[in-house]
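Step one of this worksheet: look at the structure below.
Number of protein chains: 2
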Amino acid sequence: MESLRTRLARITHLNQAAAVLEWDMETHMPAGGAEARSQQVATLRSLAHELLVSDKTTTLLEAAGPVSELDADLIRVVRRDIEKASRVPSSLIAAMAEAAGRAKGAWQEARSTDTFSTFAPHLERIVDLCIQHAEALGYEDQPYDALLDQYEEGATTRQVSEVFEEVRSQLVPFAKEMGKTGVACEGPLHREYPEDAQWAFGLKMAERIGYDMNRGRQDVSAHPFSTSFSISDVRITTRLEKRFFNPAFFGTLHEAGHAIYEQGIDPALEGTPLADGTSLGMHESQSRMWENLVGRSLPFWEYAFPQAQEAFPAALQGVSLDDFYRAINAVSPSTIRVEADEVTYNLHIMLRFELEQQMIAGKVAVSDLPREWNDRMEAWLGVRPLNDAEGVLQDIHWSLGAIGYFPTYALGNLMSVQLFDAAYAALPDLDDHIRHGDFSALLSWLRENVHQWGRRRTASQILTASTGADVSAGPWMAYLRRKYEAMASR
Amino acid sequence: MESLRTRLARITHLNQAAAVLEWDMETHMPAGGAEARSQQVATLRSLAHELLVSDKTTTLLEAAGPVSELDADLIRVVRRDIEKASRVPSSLIAAMAEAAGRAKGAWQEARSTDTFSTFAPHLERIVDLCIQHAEALGYEDQPYDALLDQYEEGATTRQVSEVFEEVRSQLVPFAKEMGKTGVACEGPLHREYPEDAQWAFGLKMAERIGYDMNRGRQDVSAHPFSTSFSISDVRITTRLEKRFFNPAFFGTLHEAGHAIYEQGIDPALEGTPLADGTSLGMHESQSRMWENLVGRSLPFWEYAFPQAQEAFPAALQGVSLDDFYRAINAVSPSTIRVEADEVTYNLHIMLRFELEQQMIAGKVAVSDLPREWNDRMEAWLGVRPLNDAEGVLQDIHWSLGAIGYFPTYALGNLMSVQLFDAAYAALPDLDDHIRHGDFSALLSWLRENVHQWGRRRTASQILTASTGADVSAGPWMAYLRRKYEAMASR
Chain W
1 MESLRTRLAR ITHLNQAAAV LEWDMETHMP AGGAEARSQQ VATLRSLAHE
51 LLVSDKTTTL LEAAGPVSEL DADLIRVVRR DIEKASRVPS SLIAAMAEAA
101 GRAKGAWQEA RSTDTFSTFA PHLERIVDLC IQHAEALGYE DQPYDALLDQ
151 YEEGATTRQV SEVFEEVRSQ LVPFAKEMGK TGVACEGPLH REYPEDAQWA
201 FGLKMAERIG YDMNRGRQDV SAHPFSTSFS ISDVRITTRL EKRFFNPAFF
251 GTLHEAGHAI YEQGIDPALE GTPLADGTSL GMHESQSRMW ENLVGRSLPF
301 WEYAFPQAQE AFPAALQGVS LDDFYRAINA VSPSTIRVEA DEVTYNLHIM
351 LRFELEQQMI AGKVAVSDLP REWNDRMEAW LGVRPLNDAE GVLQDIHWSL
401 GAIGYFPTYA LGNLMSVQLF DAAYAALPDL DDHIRHGDFS ALLSWLRENV
451 HQWGRRRTAS QILTASTGAD VSAGPWMAYL RRKYEAMASR
Chain G
491 MESLRTRLAR ITHLNQAAAV LEWDMETHMP AGGAEARSQQ VATLRSLAHE
541 LLVSDKTTTL LEAAGPVSEL DADLIRVVRR DIEKASRVPS SLIAAMAEAA
591 GRAKGAWQEA RSTDTFSTFA PHLERIVDLC IQHAEALGYE DQPYDALLDQ
641 YEEGATTRQV SEVFEEVRSQ LVPFAKEMGK TGVACEGPLH REYPEDAQWA
691 FGLKMAERIG YDMNRGRQDV SAHPFSTSFS ISDVRITTRL EKRFFNPAFF
741 GTLHEAGHAI YEQGIDPALE GTPLADGTSL GMHESQSRMW ENLVGRSLPF
791 WEYAFPQAQE AFPAALQGVS LDDFYRAINA VSPSTIRVEA DEVTYNLHIM
841 LRFELEQQMI AGKVAVSDLP REWNDRMEAW LGVRPLNDAE GVLQDIHWSL
891 GAIGYFPTYA LGNLMSVQLF DAAYAALPDL DDHIRHGDFS ALLSWLRENV
941 HQWGRRRTAS QILTASTGAD VSAGPWMAYL RRKYEAMASR
């Protein structure tokens, strides 16, 4: 067991080092460093892969005698990792890396010139390779299952479709109604917010909710993200817009939510592959909980609004808490996912999920994608993209080969409410705590039920154990109705 | 050859990744990340070592057929690296790492409490392990040769002693004379220098002399350093003192000098162990050339002083170029190496070199070190440390196990003048170029004669080819006399 742990630590250290190099690439690296850096990361990832699937690792796994519960979990997860990693031929991985390298450039050009045809042949190649990838990984029901499983272990296309169908049937009319009544004016959010003050206010609140800066830090990057180099070094990035409150503030809460998850993993898992979030959906449930369920709630702003007024006097002097609360919760259907409000966001995801599935199943051709996209957008959200750049070309994911990734965003939203409801049931005074800026009880509940486990439990196991049910549509829809009805009757 | 290159690239990438992780540790890492980070770096360095000394690398080296001149250099240097790396048992490396880990903490405590006895047993252990290390590495004449060779390949104790003796016999009286006449008042350097302006002015001049910011960047760290992640990503750090011009400005020129060397290596060497400075002495010759021979010269300030006055109006208004030039060249013997002026610096090094040698040769006991240190300091520099914290405990090097490292600082100073004289002979208008802020001819000369070679040529080969002689004392002493005589007669 000791030799196995040493070997797994080496694999973990290689992957953690790769994460440091990728973080530096997005935050600090001079432009000239890009090519050598990509090669360095590729070497680290390859060595980690080779060590994982090597005969010696398998021998050590088989030789491990009677072990603790934790070690048993470790052996089980590593076996599964090896099994999956061994199924995919390295030629296919190399082909995907090469195709993605080209597709990313083509996508950038296609988006900036609004010519889908520039990207189409690359996407066709990506789809083809994803189908091969799915065949190599194997599946029970349909190829898309295998792709989904990479990001959300154990989730199936059928299960996710059913949940999404239920959401969509209620959400489309709800979003239309909300969008029509126009809950509030976003005006106060588009004023002068000095960058220094945004930085300080965002970090202050991130620390307040539980982001440990002794084991974290924040940098600037074009696309915000969170990354973990160990349980005791988990970083976030943000971006600042001078005249818009939302990106930095809600982005910081969101990334801090991811980071708080990683910081909360049981330290006994350090140096093993268990020291990671258990799925992308569960990860997103944590970022969304702090961003939306806490960060866009009235109790939170009863606590935070006076401090926000102090931090941004020019923007928020004379603005009432009520107006501010309505502004940050305004519903306004638009064509762009990353700008979507809490209500309409999931519709953007469901559109992508449906199209991904149908591409992989051979039911939608890449050439038909723009029309299929725009038709659904109009039917579900009531808006039609003016061009492909703000339609089918808006996201980078497909150009990276990441098909099966999008649904985890919506699954995370659904899980966040299921978990929050369970925390609420266990902590009846939660609103009061939040109203007084005390987030420790919620954090402890999350540590206990979600964070500490790392990959020892799957998302489904965590949800079932802590909420009594697997991922489902009802709680999220009920939460939205409660929230917006209360807002309307204020 | 192709397989060999691929394998060497992997080794290089692992070492480059370790450098990124170490850089981050000094510049950005949150305090909590230290323990996991040390383990990550250790894993990367161990894997690089294992790949280097593995049978497969040797097989590939032996199988390489007729090759280009560059590949022949590559094979020769890698063979030498492997041979050296194979001589030292890993148990000794581990013992040194452990001893150094403890010694560093003990040194910090000893220095802060001024109790040499706290550090002494750790230093005894370090000296003992260094002797074992020297025996493992092997040597012709004396054990210290083997230690010196780690940092300055091919240099011998005898050769360095002879050169240093010659310097010292002339330098001790010269420094006393200079220190007595008191060349200038340092007053103008200890005024209000706003940190932002220091940062901008230092970087502007670093870029001006040739530091390519498209392949570089600067961060803040407690102890300034330069580090290379590839030929196209070479970074520096600096530290800022609000009321002292020197640390940031001359530190930035110094580190930029190191970085310019690394940036100037032939791109064909990228991804091989040849893409590195050839020795610490040669590296220091480059940092010192830009810091002192250019950066403390009159022609440089004829160009830069008006800009400095613009950047620091509060400090430099009403100060004449002449006063400023005298201030940055003031000679003032002191007990602290890192604060030493251009004249007395080498005496600090020679003191350490002599004591290191005698410790390794068993001629000076660790317990006698403070007295031996203070006596030499008084005899050579005319000052006696008030306590061990500002005496024998001032430097970190020994606690890290780096015995044999110090002499490279003085060798670098000597080499810098030899190279500068040769450049001067080849570029008779050099003073005029510098006076007009044009450093391109000097840079080209250094690229051609020093930088491009990486580790293809040793320091001695580079010096001999470009200056006609190996490292020697005469040019440096002659330079000092010229400079200070000219200053006295102004």
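Chains W and G are the protein sequences, given in the same order. Position one of the first sequence corresponds to residue 1 (this note's numbering), numbered consecutively onward. Position one of the second sequence corresponds to residue 491 (this note's numbering), numbered consecutively onward. In this text, a Cβ means the ideal position worked out from N, Cα and C, and glycines have one as well.
Closer than 8 Å to chain G by CB, residue i
{"i": "F225(W)", "result": "no"}
{"i": "D24(W)", "result": "yes"}
{"i": "T43(W)", "result": "yes"}
{"i": "P30(W)", "result": "yes"}
{"i": "H258(W)", "result": "no"}
{"i": "Q39(W)", "result": "yes"}
{"i": "L507(W)", "result": "Nothing in the structure corresponds to residue 507(W), since chain W is present only between 1 and 490."}
{"i": "S232(W)", "result": "yes"}
{"i": "H254(W)", "result": "no"}
{"i": "R352(W)", "result": "no"}
{"i": "Q418(W)", "result": "no"}
Within 8 Å, strictly: CB atoms of residue i and residue j
{"i": "F814(G)", "j": "F795(G)", "result": "yes"}
{"i": "L60(W)", "j": "L4(W)", "result": "yes"}
{"i": "E356(W)", "j": "F406(W)", "result": "yes"}
{"i": "L414(W)", "j": "W476(W)", "result": "yes"}
{"i": "L511(G)", "j": "V543(G)", "result": "no"}
{"i": "G944(G)", "j": "I755(G)", "result": "yes"}
{"i": "V67(W)", "j": "L137(W)", "result": "no"}
{"i": "E676(G)", "j": "L730(G)", "result": "no"}
{"i": "A817(G)", "j": "S824(G)", "result": "no"}
{"i": "L841(G)", "j": "E642(G)", "result": "no"}
Contact set for residue i: own chain, Cβ-Cβ below 7 Å, skip 5 residues either direction
{"i": "Y409(W)", "result": "E284, I349"}
{"i": "H258(W)", "result": "S226, H283, Q286, S287"}
Cα-Cα separation between residue i and residue j, rounded to whole angstroms
{"i": "A31(W)", "j": "Y914(G)", "result": "34 Å"}
{"i": "Q776(G)", "j": "L876(G)", "result": "34 Å"}
{"i": "G101(W)", "j": "V821(G)", "result": "58 Å"}
{"i": "E792(G)", "j": "A696(G)", "result": "17 Å"}
{"i": "A963(G)", "j": "A912(G)", "result": "15 Å"}
{"i": "A222(W)", "j": "A538(G)", "result": "33 Å"}
{"i": "K732(G)", "j": "G741(G)", "result": "14 Å"}
{"i": "G891(G)", "j": "I583(G)", "result": "11 Å"}
{"i": "S279(W)", "j": "A589(G)", "result": "42 Å"}
{"i": "S226(W)", "j": "N736(G)", "result": "38 Å"}
{"i": "A106(W)", "j": "Q506(G)", "result": "30 Å"}
Contact with chain W by residue i, beta-carbon distance below 8 Å
{"i": "E760(G)", "result": "yes"}
{"i": "F719(G)", "result": "yes"}
{"i": "L437(G)", "result": "Nothing can be reported for residue 437(G), as the shown portion of chain G is limited to 491 through 980."}
{"i": "R945(G)", "result": "no"}
Contacting residues, own chain, Cβ-Cβ under 8 Å from residue i (five flanking each side not counted)
{"i": "L638(G)", "result": "A645, T646, T647, V650, G894, P897"}
{"i": "A959(G)", "result": "Q908, L953"}
{"i": "V77(W)", "result": "P273, L274, R455, R456"}
Closest by C-alpha distance to residue i, when choosing among the options
{"i": "F940(G)", "options": "Q753(G), G669(G), T496(G)", "result": "The sequence as given places Val at residue 940(G); Phe does not occur at that position. Comparing Cα-Cα distances from V940(G) to each of Q753(G), G669(G), T496(G), the minimum goes to Q753(G)."}
{"i": "Q142(W)", "options": "L70(W), Y484(W), M359(W), R76(W)", "result": "M359(W)"}
{"i": "F229(W)", "options": "R217(W), R239(W), A222(W), V364(W)", "result": "R217(W)"}
{"i": "M282(W)", "options": "A106(W), E162(W), A459(W)", "result": "A459(W)"}
{"i": "S169(W)", "options": "L347(W), S320(W), A311(W)", "result": "L347(W)"}
{"i": "S416(W)", "options": "L293(W), Y484(W), R447(W), V366(W)", "result": "L293(W)"}
{"i": "T496(G)", "options": "S46(W), Q16(W), L8(W)", "result": "S46(W)"}
{"i": "T438(G)", "options": "D545(G), T728(G), A624(G), E656(G)", "result": "Any answer about residue 438(G) is impossible in this case: the structure gives chain G only from 491 up to 980."}
Close beta carbons around residue i, own chain, < 6 Å, minus the five adjacent residues each side
{"i": "E682(G)", "result": "A804, A805"}
{"i": "D431(W)", "result": "P299"}
{"i": "F249(W)", "result": "G202"}
{"i": "D635(G)", "result": "Y629, T646, T647"}
{"i": "H744(G)", "result": "S777, E781"}
{"i": "V366(W)", "result": "A120, L123, E124"}
Chain C within 8 Å of residue i, Cβ atoms only
{"i": "L560(G)", "result": "Note that chain C does not occur in the displayed structure, where the protein chains are W and G."}
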